[in-house]
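Sequential numbering of the sequence shown, starting at 379, is according to the working numbering.
Heads up, the beta-carbon is just placed ideally off N, CA and C, and yes, glycines get one too.
The structure displayed is predicted, hence computed values, not measured ones.
Right, one structure below, let's go through it.
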Amino acid sequence: WRRPAFALKVAAVWAFLIWERVDMAKGMGNDNTKAQENNFTLNGSKELGVEIEFPDLAAICLAENDRRLGVYDTRLLRPRFVPAMMRLALRVMGKGRLLTA
Numbered sequence: 379w380r381r382p383a384f385a386l387k388v389a390a391v392w393a394f395l396i397w398e399r400v401d402m403a404k405g406m407g408n409d410n411t412k413a414q415e416n417n418f419t420l421n422g423s424k425e426l427g428v429e430i431e432f433p434d435l436a437a438i439c440l441a442e443n444d445r446r447l448g449v450y451d452t453r454l455l456r457p458r459f460v461p462a463m464m465r466l467a468l469r470v471m472g473k474g475r476l477l478t479a
């Protein structure tokens with residue numbers, strides 16, 4: 379009896395995630411307000427009076443990722459896809475200089 383209940387919970391989570399993505403996609407119109415609401419990290423910094431743009435935030439996240447994972451053995455499996463995509467995005471945006479700062 380636990381497996382069907384667990385399967386229902388998993389299905390409910392997936393349904394919620396799909397609904398959330400569809401809702402976000404519907405809100406991406408001319409005013410783009412719904413998309414901005416979901417960027418809570420960038421919007422939350424404004425509440426603190428800190429102005430930060432995406433390239434700066436991405437560079438901070440990459441530096442923090444390197445700092446935190448740097449203490450572990452290099453033979454361990456590490457996240458590679460998302461950091462690589464962030465570095466690529468920064469290079470495409472012309473902000474690759476932030477990676478070395």
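- Straight through space, the alpha carbons of Ala441 and Ala389 are spaced by roughly 36 Å.
- Annotated three-state conformation of Pro461 is helix, per DSSP.
- Between Ala467 and Ala436, the beta carbon gap of about 7 Å places them in contact (Cβ cut-off 8 Å).
- In the DSSP assignment, Asp434 falls within the unbroken alpha helix (DSSP H) covering 432–447.
- Rounded to whole angstroms, the separation of the alpha carbons of Pro433 and Leu447 is 21 Å.
- Residue Glu431 holds the alpha-carbon nearest to the alpha-carbon of Met471 among Arg458, Lys404, Asp451, Glu431.
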